[in-house]
Amino acid sequence: MNPKTQPIIYKSISELSRQLGLPEPLHPLITLVKYDTTQLSRDYAGRSFLINFYKVSFKKNFRGQVKYGQGYYDFEAGGLAFLAPNQLVTMSADEQAYEGYTLYFHADLIRNYPLGKTIHQYGFFAYAVNEALFLSEKEKNVMVNLFDNIATELDTNTDAFSQGVLVSQIELLLNHSNRYYNRQFLTRQVIHHDLISQLDTYLAGRFAEPLRSITTVLEVAKHLQVSPRYLTDMLKSLTGQSAQQHIHNRLIEEAKFMLSTTQLRVAEVAYRLGFEHPQSFNKLFKRQTHTSPSAFRQSFN
Numbered sequence: 112m113n114p115k116t117q118p119i120i121y122k123s124i125s126e127l128s129r130q131l132g133l134p135e136p137l138h139p140l141i142t143l144v145k146y147d148t149t150q151l152s153r154d155y156a157g158r159s160f161l162i163n164f165y166k167v168s169f170k171k172n173f174r175g176q177v178k179y180g181q182g183y184y185d186f187e188a189g190g191l192a193f194l195a196p197n198q199l200v201t202m203s204a205d206e207q208a209y210e211g212y213t214l215y216f217h218a219d220l221i222r223n224y225p226l227g228k229t230i231h232q233y234g235f236f237a238y239a240v241n242e243a244l245f246l247s248e249k250e251k252n253v254m255v256n257l258f259d260n261i262a263t264e265l266d267t268n269t270d271a272f273s274q275g276v277l278v279s280q281i282e283l284l285l286n287h288s289n290r291y292y293n294r295q296f297l298t299r300q301v302i303h304h305d306l307i308s309q310l311d312t313y314l315a316g317r318f319a320e321p322l323r324s325i326t327t328v329l330e331v332a333k334h335l336q337v338s339p340r341y342l343t344d345m346l347k348s349l350t351g352q353s354a355q356q357h358i359h360n361r362l363i364e365e366a367k368f369m370l371s372t373t374q375l376r377v378a379e380v381a382y383r384l385g386f387e388h389p390q391s392f393n394k395l396f397k398r399q400t401h402t403s404p405s406a407f408r409q410s411f412n
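Heads up, the final residue of the sequence shown is numbered 412 in the working numbering, and it's a clean run with no missing numbers.
Written as structure tokens, this is what we have:
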């Protein structure tokens, strides 16, 4: 296999900085690249990297057309993209892709802080690249200030408070990102409601035929061409329900229809909906409706 097609694995921020021709990090567990003052080496353009730390990229002028599910959205403002550890990232060959900032930080930086236990709640680290956060001019200015504050702290002499301050600044950046993502879900309701309609159409088609297995969030997200976490966060923002809850609600509605209009036994209904064991179906039905499938059916007799 051609070694140039193999991803380059980086386990430390210092190693990554050396390879990309960046200055030596001022802290071993975090570094901030400001592309207006730092020239990135182009030797690895087009190559893929596997990095062992978190990455937050901010582009000041993120122009173009991005696909959301089956639709597209035109944007001209800046954008943010997030990557969790052990994810592949490809170095762009486009010079304009490096206008802005990139923040790298290792999990060890936050491990002994509350953020170390809650960072998994920031679902955007699991979003696909085409589900980036796009910012208004006002939001972009807020983000620039946050990145600049991190840069200032890194340039300050390290003391007993440095790490705690840096972790607090990262958490503030992530909380603002959460706020702006929620705004993005709301301001793009037309696109997202269309996505929900496609979801319901897909589920209706799935339930029209006997299923071999229970419909999963991963399956539905793949069909809609969005990431599972983005689908869940979008649904929660607009409907208050996760993707799993949405699927379960549609499944139970289909079960109610079968129980009230057919002579299928409860076990047969369970098998048609993809349950391997009727007991699992009974448990879900009772949790959702507070009554058993048999009792629900009897209420129609």
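Cβ coordinates follow ideal geometry from the N, Cα and C atoms, glycine included.
No experiment lies behind these values; they were computed from the predicted model shown.
> Apart from the five residues on each side of it in sequence, which residues of its chain come closer than 8 angstroms, Cβ to Cβ, to Y146?
Replying inline: Here residue 146 corresponds to residue number 35 of the sequence shown, with the count starting at 1. If we look at Y146 and ignore the five residues flanking it on each side, its Cβ neighbours are Y209, E210, G211, Y212 and T213.
>> Pop quiz: Y341 and V278 are said to be a contact at Cβ under 8 angstroms. What is the actual Cβ separation, rounded to whole angstroms?
In response: In the sequence shown, counting from the first residue as 1, residue 341 sits at position 230. In the sequence shown, counting from the first residue as 1, residue 278 sits at position 167. 26 angstroms between Cβ atoms; not a contact.
>> Am I right that L375 and P404 are in contact with their C-beta atoms under 8 angstroms? What's the rounded C-beta distance?
In response: Here residue 375 corresponds to residue number 264 of the sequence shown, with the count starting at 1. Here residue 404 corresponds to residue number 293 of the sequence shown, with the count starting at 1. Actually they do not touch by this definition, with Cβ atoms about 10 angstroms apart.
> What separation, rounded to the nearest whole angstrom, lies between the Cα atoms of Q300 and Q309?
Replying inline: Numbered from 1 along the sequence shown, position 189 holds the residue referred to as residue 300. Numbered from 1 along the sequence shown, position 198 holds the residue referred to as residue 309. Approximately 14 angstroms, taken between the alpha carbons.
> First and last residue of the beta strand (DSSP E) that includes F169?
Replying inline: For this step, residue 169 is matched to residue 58 along the sequence shown. Run containing F169: Y165 to K170, per the beta strand (DSSP E) assignment.
> Around the C-beta of F396, are 16 or more other C-beta atoms found within 10 angstroms, so that it is buried, or is it exposed?
Replying inline: Indexing the sequence shown from 1 puts residue 396 at position 285. F396 is buried by the Cβ-count criterion.
> Among the residues of its own chain, which have a CB less than 6 angstroms from the CB of L161, if the five just before and after it don't count?
Replying inline: To locate residue 161, count along the sequence shown from 1; it is residue 50. Answer for L161: P118, I120 and L199, listed in chain order.
>> Can you list, in chain order, the residues of its chain with a C-beta nearer than 6 angstroms to that of R361? Leave out the 5 residues immediately preceding and following it.
In response: Taking the first residue of the sequence shown as 1, we reach residue 361 at position 250. Within the same chain, R361 has close Cβ partners L314.
>> My assumption, with CB atoms under 8 angstroms, is that S421 sits in contact with L191. Please give the rounded CB distance.
In response: The requested residue 421 is not part of the displayed model; the chain covers only 112 to 412.
> If you pair each beta-carbon of the stretch 280 to 300 with each one of the stretch 334 to 350, do three or more pairs fall below 8 angstroms?
Replying inline: yes
>> Less than 7 angstroms between the beta carbons of A366 and V328, yes or no?
In response: Position 255 of the sequence shown, counting from 1, holds the residue named residue 366. Position 217 of the sequence shown, counting from 1, holds the residue named residue 328. For A366 and V328, no; Cβs fall outside 7 angstroms.
>> Quick check on this structure: which residue in F386, E250 and A262 has the alpha carbon closest to the alpha carbon of R323?
In response: If you number the sequence shown from 1, residue 323 lands on position 212. Here the closest residue by C-alpha is F386.
> L199 bridges to which residues according to DSSP?
Replying inline: On the sequence shown, position 88 is the one that residue 199 refers to. Paired residues: L161.
> According to DSSP, is G211 helix, strand or coil?
Replying inline: Here residue 211 is taken as the residue at index 100 of the sequence shown, counted from 1. Three-state result, G211: strand.
> Can you tell which of V337, A262, L127 and I363 has its C-alpha closest to the C-alpha of T400?
Replying inline: Position 289 of the sequence shown, counted from the start, is the residue given in the question as residue 400. Selected option, being the one with the closest Cα: I363.
> alpha helix (DSSP H) containing L131: first to last residue?
Replying inline: For this step, residue 131 is matched to residue 20 along the sequence shown. Segment: none, L131 is in no alpha helix (DSSP H) and carries neither H nor E.
>> Rounded to the nearest angstrom, what separates T312 and T372 at their Cα positions?
In response: Translated into positions along the sequence shown, residue 312 becomes position 201. Translated into positions along the sequence shown, residue 372 becomes position 261. Cα-Cα distance, rounded: 21 angstroms.
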